[in-house]
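Below: the structure, in structure tokens.
2 protein chains.
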Amino acid sequence: MMVSLADLRAERPDVFSDGCPTRTVLDHVMGKWGVLVLVGLSDGTQRWGELRRNVTGISEKMLASTLKTLEGDGLVRRTAYPEVPPRVEYALTDLGQDLMERMLPLMAWVAENADAMLDRPK
Amino acid sequence: MMVSLADLRAERPDVFSDGCPTRTVLDHVMGKWGVLVLVGLSDGTQRWGELRRNVTGISEKMLASTLKTLEGDGLVRRTAYPEVPPRVEYALTDLGQDLMERMLPLMAWVAENADAMLDRPK
DNA sequence: CAGTATCCTACCTGATACTG
DNA sequence: CAGTATCAGGTAGGATACTG
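Protein sequence lines, in the order shown, are assigned to chains A and B. Residue numbering for the first sequence follows my numbering, starting at 46 and increasing by one per position. Residue numbering for the second sequence follows my numbering, starting at 46 and increasing by one per position.
In structure tokens form, the structure reads like this:
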């Protein structure tokens, strides 16, 4: 496992340059709604409606497109049950859980420090 | 130090809800250019021009506003030297370095997995 | 319930030019 | 060098209505 940025650059110098796949994934994962949906799903499997309520402020349009993107990246698994009324469940894949293992410490740090950061004297 | 999402929610149930400071900081830090500028600065102190070249694809406008936001959050320190021609250096603050300590493992993971994620069979 | 479809606006962004 | 100013355009994103 790589830990430092230097290690990273040593192995892949083009990382984070324009057009690099890293950028694309980064945009999906780090985008405003991507993170929040992923955090929502780290609570466990959720249905569409639950997710919509839990990720406060997200519009149906953004929830739909965010979920599709994350599913396309292999981070989220969608399971539809052929019932009436329809039931669809979303969950993190193994890859998604692996990602969140790295993401949650960061989220926790942000949550702990956010107030202090915004209250600072200008 | 908190590690799990459950711990986080137990202490602060409103975290990640709309209007919460966490959201604001998250948008700054996780936004497309925020991350890339921060990653750039984890290589060490850099001048405006260096940063502009290193963060490939960023416009001057976005670099300026991103730096101001991050400086306002206390993550980046700007130092101007009264010289001609002017020299200005940007560096991570202690807070910023603390953040990057959590962020870099995540970035490394993304860099390692990005290709596989985008190549997956549709 | 779990989404699409449609419309509309704000802001991100690039290009260009200019300043201290 | 290190920015700011201005303008044009494209697109991310919000609100609302509708469907299987």
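All C-beta atoms, glycine included, are put in the ideal place defined by N, C-alpha and C.
Residue span of the alpha helix (DSSP H) that contains residue i, given as start and end
i         : result
Leu-71/B  : 66-75
Arg-54/B  : 50-56
Thr-114/A : 105-117
Bridge partners - residue i, DSSP secondary structure assignment
i         : result
Ala-125/B : Val-133/B
Gln-91/B  : Tyr-135/B
Residue from the options with nearest C-alpha to residue i
i         : options                                       : result
Gly-117/B : Asp-164/A, Lys-113/A and Thr-101/A            : Asp-164/A
Glu-143/B : Gly-119/B, Val-155/B, Pro-130/B and Arg-92/B  : Note that residue 143/B is Asp in the sequence shown, not Glu. When only C-alpha atoms are compared, the closest one is Gly-119/B.
Val-121/A : Glu-95/A, Pro-150/A, Leu-140/A and Glu-128/A  : Leu-140/A
Cys-65/A  : Asp-88/B, Val-74/B, Asp-63/B and Thr-101/B    : Thr-101/B
Arg-132/B : Val-74/B, Arg-92/B, Phe-61/B and Val-82/B     : Arg-92/B
Val-80/B  : Ala-161/B, Asp-160/B, Met-162/B and Pro-150/B : Pro-150/B
Ser-110/A : Ser-87/A, Glu-134/A, Trp-78/A and Pro-130/A   : Trp-78/A
Asp-88/A  : Asp-160/B, Leu-50/B, Arg-68/B and Leu-83/B    : Leu-50/B
Leu-53/B  : Met-162/A, Ala-153/A and Ala-161/A            : Ala-153/A
Ala-161/A : Ser-62/B, Tyr-126/B and Thr-67/B              : Thr-67/B
Ser-104/B : Leu-115/B, Val-82/B and Thr-90/B              : Val-82/B
Ser-62/B  : Arg-147/A, Pro-130/A and Arg-97/A             : Arg-97/A
Ala-136/B : Glu-56/B, Leu-71/B, Leu-115/B and Val-74/B    : Leu-115/B
Pro-58/B  : Lys-106/A, Ala-125/A and Gly-85/A             : Gly-85/A
Met-75/B  : Glu-157/B, Ala-125/B, Arg-147/B and Ala-159/B : Arg-147/B
Thr-90/B  : Val-70/B, Asp-72/B, Ala-159/B and Ala-125/B   : Ala-125/B
Pro-7/A   : Asp-72/A, Gly-94/A, Thr-138/A and Glu-157/A   : Because chain A spans 46 through 167 in this model, residue 7/A falls outside it and cannot be assessed.
For residue i, the three-state DSSP class (helix, strand or coil)
i         : result
Asp-160/A : helix
Gly-102/B : coil
Leu-120/B : coil
Asp-63/B  : coil
Arg-97/A  : helix
Arg-147/B : helix
Please list, in chain order, the residues of the segment 72-89 of chain B that have any C-beta partner in chain A closer than 7 Å. Result list: Asp-72, Val-74, Met-75, Lys-77, Val-80, Leu-81, Val-84, Ser-87 and Asp-88.
Select from the segment 152-163 of chain B all residues with a C-beta closer than 9 Å to any C-beta belonging to chain A, and list them in chain order. If you check each beta-carbon in the segment 152-163 of chain B against every beta-carbon of chain A, the ones closer than 9 Å belong to Met-152, Ala-153, Trp-154, Val-155, Ala-156, Glu-157, Asn-158, Ala-159, Asp-160, Ala-161, Met-162 and Leu-163.
Against chain A, which members of the segment 91-114 of chain B pass a CB distance test of less than 7 Å? Against chain A - using a Cβ distance shorter than 7 Å - the residues of the segment 91-114 of chain B are Thr-101 and Gly-102.
Which residues, taken in chain order from the segment 49-64 of chain B, show a beta carbon closer than 9 Å to some beta carbon of chain A? Within the segment 49-64 of chain B, contact with chain A at the beta-carbon level (separation under 9 Å) is assigned to Ser-49, Leu-50, Ala-51, Asp-52, Leu-53, Arg-54, Glu-56, Arg-57, Val-60, Phe-61, Ser-62, Asp-63 and Gly-64.
Between the segment 114-140 of chain B and chain A, which residues of the former have a C-beta closer than 9 Å to a C-beta of the latter? Within the segment 114-140 of chain B, the qualifying residues are Gly-117, Asp-118, Gly-119, Leu-120 and Leu-140.
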